[in-house]
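Beneath this line is the structure, given in structure tokens, with notes to follow.
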Amino acid sequence: MTKDELTSRIIILQSEITDSILKGHKAHDEDEFKSHRIELMVLRCILYGEDSKICKTEKANCRNCKK
């Protein structure tokens, strides 16, 4: 994927989560957006690099991801 494709996918996933929350969804670890959060973490690590602060923060915050 190109950087533009990665960025677009990140925006789409994050927008779906945000829209749902604005409609009253209460986010939790086992909701329907679990796979979105994991994919977001992976895409951000690809986009910014495994050693980036963003990737390290994403991994630390992802309770459903393999450590």
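Read in our numbering, the sequence shown has 17 at position 29, and its numbers run on one by one without any break.
Glycine residues also receive a C-beta, built at the ideal position from the N, C-alpha and C atoms.
Note that this is a predicted model, so its numbers are computed, not measured.
Rounded C-beta distance between residue i and residue j? I'm assuming under 8 angstroms.
i: Lys47; j: Met29; result: 6 angstroms
i: Leu(-6); j: His24; result: Leu(-6) to His24, Cβ: 15 angstroms. No contact.
i: Phe21; j: Ile(-1); result: In fact, because the Cβ distance is near 15 angstroms, the residues do not count as touching under 8 angstroms.
What separation, rounded to the nearest whole angstrom, lies between the Cα atoms of residue i and residue j?
i: Gly37; j: His13; result: 31 angstroms
i: Asp17; j: Asn52; result: 7 angstroms
i: Glu27; j: Leu10; result: 21 angstroms
i: Thr(-10); j: Cys33; result: 14 angstroms
i: Arg(-3); j: Ser3; result: 10 angstroms
i: Ala15; j: Cys50; result: 13 angstroms
With DSSP run on the structure shown, which of helix, strand or coil describes residue i?
i: Lys11; result: coil
i: Cys33; result: helix
i: Asp19; result: coil
i: Ser3; result: helix
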